[in-house]
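End of the sequence shown = 236 in my numbering, gap-free, step of one.
Even glycine gets a Cβ: it sits at the ideal position worked out from N, Cα and C.
None of the values given here were measured: they were computed from a predicted structure.
Everything on this sheet refers to the single structure shown next.
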Amino acid sequence: MKNISQTGFTIIELMMVLFVVGILVGIASPSMQVMIERNRTEAQLNAIYSTLLTARSEAISRNQPAVICKSADRSACTTSGNWEQGWLLYIDADDDGTFDASEELITSKGALHTGFTLRAASPLNNVVSFRANGTTNSTGSMKLCPPSEDTDHSYNVVLSMTGRARVSSEVVSCP
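Here's what the structure looks like:
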């Protein structure tokens, strides 16, 4: 009679593997949460930063003013609420500072991911305007904070009179 050797896992070996995997997941999980929050914050940052760059570029290439305004419904500008509710970028052909039906909407952005805040210091409370030569009417900054209000994952977007937008490395205090 031949001896047949059996191969496979015993229940004890399987439980040990699951125990080790559980410990590894428990150790990695908090780091993953930090990474996920940082990536979400950077995605929101890229949305506002790219809109600022696009607005300046459109103003220069079309030789007409470009305006970014707060918008809750992605179809009209508003002076209420904050920037995290969304915004519009349009060409202000008549240079009156209001979005008219005859003016071209370049892009719109809906509300930021739940819990994010985007606040602008005066004079950028309601609009950011670029002249036809790419300069702005005023300087200012916008502060982006994640839901956790962690200053390590917060950003400050600074706009200069020349129309240049940059992300500041200074520590941002969140609301």
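Rounded C-alpha distance that separates Leu113 from Leu166 | Leu166 has its alpha-carbon roughly 14 Å from the corresponding atom of Leu113.
Closest by CA to Asp156, which one among Lys204, Pro91, Phe191 and Ile72?
-> With respect to the C-alpha of Asp156, the residue from Lys204, Pro91, Phe191 and Ile72 having the closest C-alpha is Phe191.
So, are the CB atoms of Ile97 and Asn194 less than 9 Å apart?
-> For the 9 Å CB-CB criterion, Ile97 and Asn194 do not form a contact.
Is it true that the CB of Ser183 sits closer than 9 Å to the CB of Gly171?
-> No, the pair does not count as a contact, with Cβ atoms beyond the cut-off.
Could you give the distance in angstroms between the alpha-carbon of Thr168 and the alpha-carbon of Phe80?
-> Using only the alpha carbons, I get a separation of about 51 Å.
Just mark Ser141 as buried or exposed, buried being the case when its beta carbon has 16 or more other beta carbons within 10 Å.
-> Within 10 angstroms of the beta-carbon of Ser141 lie fewer than 16 other beta-carbons, which makes it exposed.
Any idea if His174 is buried or exposed, counting beta-carbon neighbours within 10 angstroms, 16 or more meaning buried?
-> When all chains shown are included, His174 counts as exposed.
Could you give the DSSP three-state label for Phe80: helix, strand or coil?
-> It is helical.
Can you tell me whether Arg227 is buried or exposed, with buried defined as 16 or more other CB within 10 angstroms of its CB?
-> With fewer than 16 other Cβ atoms inside 10 Å of its own Cβ, Arg227 counts as exposed.
Collapsed DSSP secondary structure at Asn244 in the structure displayed | Residue 244 is absent from the structure shown; the chain starts at 62 and stops at 236.
Just list the beta strand (DSSP E) runs in the segment 145 to 230, keeping only unbroken ones of 3 residues or longer that don't cross its boundaries, in chain order.
-> Fully enclosed beta strand (DSSP E) runs of 3 or longer: 148 to 152, 166 to 170, 178 to 181, 188 to 191, 201 to 206, 216 to 220 and 226 to 229.
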